[in-house]
Structures are given as C-alpha cells and as structure tokens.
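Novice: Questions regarding the structure given below will be posed in turn.
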Amino acid sequence: RSEYPREAFVEALEFLRETPLEDRLTGAAQTLVGGAYRHLISPRETWVALDHLEASSDKKNLAHLLEVDGLSVDEYEAIRRRVLVASVEHGLCAPRRFWRRIIASGLADDFNDYAARLARARSEADQDGDDLDGEQRVAAWARIAELCDLKQLEYPVELGRKLGLEADRPRQRARVDSGEQRPAGRRRSGPLRDDSGRPRAAAGEIQARSSREGSGNLSAQLRDSSLRLRVATASLANGGTPESIEAVFDALEEFDEEELLAIMPSLAELGTQAVPALHAKLDSSRQQVRQAAAILLGIARDASSIVPLMRRLSREETRVWFDLARAIGGLGTMALERLCALLRQSLRGEKLPIEHRELVARVGRAMAEVVIAEGGPDSIARDAVEALAQSSETDISLAAGRALATLHDVSVAGAQIRGERSLPDITQLRGFARRAYEAILVPELDILDEEVEAELI
C-alpha cells in the first residue's frame, strides 16, 4: 500500500522469517471474541467483564488482537462500550485507563456526573441486594472514592454516607485528611507521600482548597516546585476560574518538560477558555511552551487563532513551525486565503526573521495540512489547493504545488506524531510532540508507575 515506505515490506518479511512458526500462530494472551458481552445482567458478570476488558486492553495485547488475531477496531469499540455501559448501570467504577473514554462517549457529562451515577447505582444495589461478595462490595465503593480522590471531586452523598462522614464536614478526601485507612480493595496500600512523609494527595488538596481564597496565594503555591503540578491540576478541575487559569498560565514558564506534558490534558479540557492565554504563549521564550501552545491550539480549532498562528509561523526560528502549520491546517479551508495573504505581505517587503523562500515552504506545508484535516486527497480542500497551484502569483502557485507534492509525506508525519504510526527518528522536538498528543488524546496508554499515574491524572 502506498502509505507505507517501500522498505517496510522487506522489513516485514525479514521479521516473519526470524519469527518461529509457533510464535506466529500464537494468539493474544487475553482474547476477545466478536459479539462478546452483549448481555451483562448482573454486577458479578460486569465485574468479571471489566477485569477481562482491562487485561485485553493492555497496549501490547490489544495490538496483537487487532493486528494478528484480526479483531476489528469497530468490534473492539463495541465490546468496550457494552462493558462500560453495564459498569455505570451497576455502579462499578471502570479501571482508570477508561475514565476519559467514558466521558468522551457520553456515558457521563463529566467526572462529577460519573462519580454521582456510580454512587447512586451502587447504593441502590446495596439496598436491593446483588450478587457481589462482601469483599467486592467494599472494593466497589473504594474505587469510586479513588476516582474522587484522583479527580479532586467532592464525594457524592451516597459515598459520604457509606464512609460514615459527617454531613457538615467536607467530604473530599476525608479519609486521608483524618488519617484513616483507605477502604479495603484500593490498589495502593496508603496515600502517596512526599519527601517529608506527609500524604501528598492531602497536601495537594489543602493547597487546592486554600488557592480558592486568593490568586496571590495560588501564585505563591505555583512557584513551589514540589507542589505546582498538583496545585495547577486541582485549580483547573471542573473548568477552573478565570483567576486560576491566568495563574496557571503565568506559571507554565517554570514547568519542566514532564510537568508540561502532565498538565496538557487539563489545559486541553478547558476548551475555548484557554485560547487567549495560549495565543500569548506562542511568544514564550521557551521552545517547549511555544510548542505546547501550538499543539493545544491545533486541538481547540478556534477560528480566532488564525492571526496569532500565522504571525508565529512567519517568525518561528525552530522546528516548532511544523506544529504551527499543523494547527493552522486544523482550521480548515478558511486558512487558505490567509496563507496567501501572508505571502503577499512578505512580497511587499515586510521584514521577517526567516527568508522569503522559507516562508513559501512553510505556507506550502500549512496548505497540505489543510487538505489532510479536511479529508485528504478526495476533499474539497484538495480542489481549492489545486486551483491555487494555477495562480498567476508565482509564490502562491509554488506553495500550493509544494502542498500537493508533499501530501503523502505530510499525512504520514501527522500520523506519526499522533501515535498512529511508528516514529523512526525521535528527535527531542518530535518526541515532545508525540508524547503531548499521547497524553491528551490516547487514554488507553499504559503508565507503569502507578504513583506517577495517580499524581498526573
């Protein structure tokens, strides 16, 4: 197939030649059969199905299921949805790898709604009686509490009642703040702790609560390298406030690479609220902050971003311009006329940090990204770019011709950055972009260090 490089077939043959026949014929360790779990009637059946789905969705196992065993992606998604729907109905919190998927698929409006639905269903199951054993019932409540802890949520009334919390006390993380043990069945034996031995989750919660009392206090907390990630994540929970969003963006300049990657999903969830601040970050002195801003604006696809992105595209002196071009492409065909205007502006003699021929190449890349974003070679955008390639204006014709000639390469590069294809030459810059897209868009990725995962979610 044309989207694969020519040497890929030879490499695949060599790999097969070196792989023993027995290994080639071995199925995935955890199998899924088309049509599975169509009828999950009881909580116990759903409990087993959840465990099976989690094991089957391990990245390596799932790749084997899809690529070797032949399970279709549509069938896998159908099985996953059936199991997750049943889990909500029976009040069983799904493994955390599926939390974002549950919200994105509309099974709950947001994490607060998800926790409330689970607690309500679990309370009704306890009252009516179900087929879970005593240990499973305790673990089911514990998993709902864990969701609330990690997502900085107030405990639902049913959960607070189950844990015996007083009605006039803050329900959030009451077990940790009071020093009580977590309910049995939690995957960690105790709360995360910082170097001083204090519970890290509790410290983060205290800071998050006190941050609501004043932006000055929040700004001070965000300057503390031991707290800033937890405080920033808590401040942006449930959409944040204008003051907390401003404070977090001001602090981004101090975040290291891992902290930037960890906070990007929360920034992406802000939607258009974050767009004005992201425009400002396009001029950051730090390359990774500019790159993060470009990636997030590309995901937001807000029309107001066209001018800031164009301006940065014509001034960016590093390879971050690839992310800028991708973000411009995401805005669709409306960007084509603006790209042409940018070339005309350069011809009129405006002084830019980059050479004019480099600008032509960048505009061509952005035009190609427009075509890819609008559906590829068969899209109306392709026709529009072909028309521009016939323009009497030389630079516009050159840029459009370059876009058409590089469509395949641009498509492959985008798939590599998004994690849909392997990335053979992982430079520091491309590696950051790949990890950023994975953090924001790929909820099924495994994070091996559970404590790190808990903190970064």
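Each position in the sequence shown, counted from 1, maps to that position plus 2 in the working numbering.
All residues carry an ideal CB built from backbone N, CA and C; glycine is no exception.
Where do the N-terminal and C-terminal ends of the alpha helix (DSSP H) with Y116 fall, by residue?
Specialist: Element bounds for Y116: 113-130.
Novice: Quick one: using the 10 Å Cβ neighbour count with 16 as the cut-off for buried, is E260 buried or exposed?
Specialist: Exposed, because fewer than 16 other Cβ atoms sit within 10 Å of the Cβ of E260.
Novice: Which word fits A14, buried or exposed, when buried means at least 16 other C-beta atoms lie within 10 angstroms of its C-beta?
Specialist: A14 comes out exposed.
Novice: Excluding five sequence neighbours on each side, which residues of the same chain lie with their C-beta closer than 7 Å to the C-beta of L94?
Specialist: The residues are P45, T48, W49, L52, A142.
Novice: Would you check if the distance between the CB atom of E56 and the CB atom of R99 is smaller than 8 Å?
Specialist: Yes, these two residues count as a Cβ contact at 8 Å.
Novice: Cα separation between R145 and V159?
Specialist: The alpha-carbon atoms of R145 and V159 are separated by roughly 15 Å.
Novice: Under a three-way DSSP split, which group does S287 fall into?
Specialist: S287 falls in the coil class under three-state DSSP.
Novice: Report the rounded CA-to-CA distance for V373 versus Q138, giving the unit in angstroms.
Specialist: Roughly 52 Å separates the two Cα atoms.
Novice: Helix or strand or just coil, what does DSSP make of I356?
Specialist: If DSSP states are grouped into helix, strand and coil, I356 belongs with coil.
Novice: Taking 8 Å as the cut-off, decide whether the C-beta atoms of R84 and R40 are in contact.
Specialist: Yes, Cβ-Cβ distance for R84 and R40 is below 8 Å.
Novice: Does DSSP classify S58 as helix, strand or coil?
Specialist: Here S58 sits in helix by DSSP.
Novice: Please name the residue, chosen from L120, Q290, T335, S74, that lies closest to R321 on a Cα-to-Cα basis.
Specialist: Comparing Cα-Cα distances from R321 to each of L120, Q290, T335, S74, the minimum goes to Q290.
Novice: Report all residues from its chain with a CB closer than 7 Å to the CB of E318; omit the five preceding and five following residues, and keep chain order.
Specialist: Excluding residues within five positions, the ones whose Cβ falls inside 7 Å are L326.
Novice: Check the C-beta distance from P224 over to L269 and give it rounded, since I have them as a contact under 8 Å.
Specialist: Inspection of the sequence shows that residue 224 is occupied by Leu rather than by Pro. With 8 Å as the limit, L224 and L269 do not qualify as a contact, their Cβ atoms being about 14 Å apart.
Novice: If you draw a straight line from the alpha carbon of D115 to that of A239, how long is it in whole angstroms?
Specialist: Rounded to the nearest angstrom, the two C-alpha atoms are 13 Å apart.
Novice: Could you have a look at H41 and say whether DSSP puts it in helix, strand or coil?
Specialist: Coil, per DSSP.
Novice: Can you grab the Cα-Cα spacing for the pair A386 / T243, in whole Å?
Specialist: Distance between the alpha carbons of A386 and T243: 41 Å.
Novice: Would L1 and S381 be called neighbours here (beta carbons separated by less than 8 Å)?
Specialist: Shown here, the chain extends from 3 to 459; a query on residue 1 therefore has no answer.
Novice: Taking Cβ positions, are L73 and L34 nearer each other than 8 Å?
Specialist: Yes, these two residues count as a Cβ contact at 8 Å.
Novice: Please work out which residues of its chain come closer than 7 Å, Cβ to Cβ, to A391, disregarding the five sequence neighbours upstream and downstream, and give them in chain order.
Specialist: Taken in chain order, the residues that qualify are S399, A402, G403, L406.
Novice: For the ligand GDP, I want to know if A363 counts as a neighbour, meaning its beta carbon is within less than 7 Å of at least one of the ligand's heavy atoms.
Specialist: The ligand GDP is not part of the structure shown, which contains no ligands of any sort.
Novice: In or out: I428 buried (at least 16 other Cβ within 10 Å) or exposed?
Specialist: At I428, the pLDDT of 45 sits below 50, so the modelled position is not reliable; the number obtained from the coordinates is stated separately. Flag for I428 reads exposed.
Novice: For V12, does the count of other Cβ atoms within 10 angstroms reach 16, so buried, or fall short, so exposed?
Specialist: Exposed, by the Cβ-count rule.
Novice: For A127, is the classification buried or exposed, using 16 other Cβ atoms within 10 angstroms of its Cβ as the cut-off for buried?
Specialist: Result: buried.
Novice: With distances taken Cα to Cα, identify the nearest neighbour of S221 among A295, K283, S246, G300.
Specialist: Comparing Cα-Cα distances from S221 to each of A295, K283, S246, G300, the minimum goes to S246.
Novice: My output table needs one value for H410: the three-state DSSP class, helix, strand or coil.
Specialist: DSSP places H410 in helix when its eight states are reduced to three.
Novice: Please report the distance separating the alpha-carbon of S393 from that of C342.
Specialist: Taking the straight line from one Cα to the other gives about 11 Å.
Novice: Contact check, R346 vs I308 under 8 Å by CB: the rounded distance?
Specialist: Going by Cβ atoms, the distance from R346 to I308 rounds to 16 Å, so no, they are not a contact pair.
Novice: At the level of alpha carbons, what is the spacing between G273 and D252?
Specialist: Their Cα atoms are separated by approximately 18 Å.
Novice: Could you tell me if S59 is buried or exposed, where buried requires 16 or more neighbouring beta carbons within 10 angstroms of its beta carbon?
Specialist: Classification of S59: buried, given that the 10 Å Cβ count is 16 or more.
Novice: DSSP three-state call for R436: helix, strand or coil?
Specialist: Three-state result, R436: helix.
Novice: Can you give me the start and stop residues for the alpha helix (DSSP H) that V468 sits inside?
Specialist: It is not possible to answer for residue 468, since the shown part of the chain is limited to 3 through 459.
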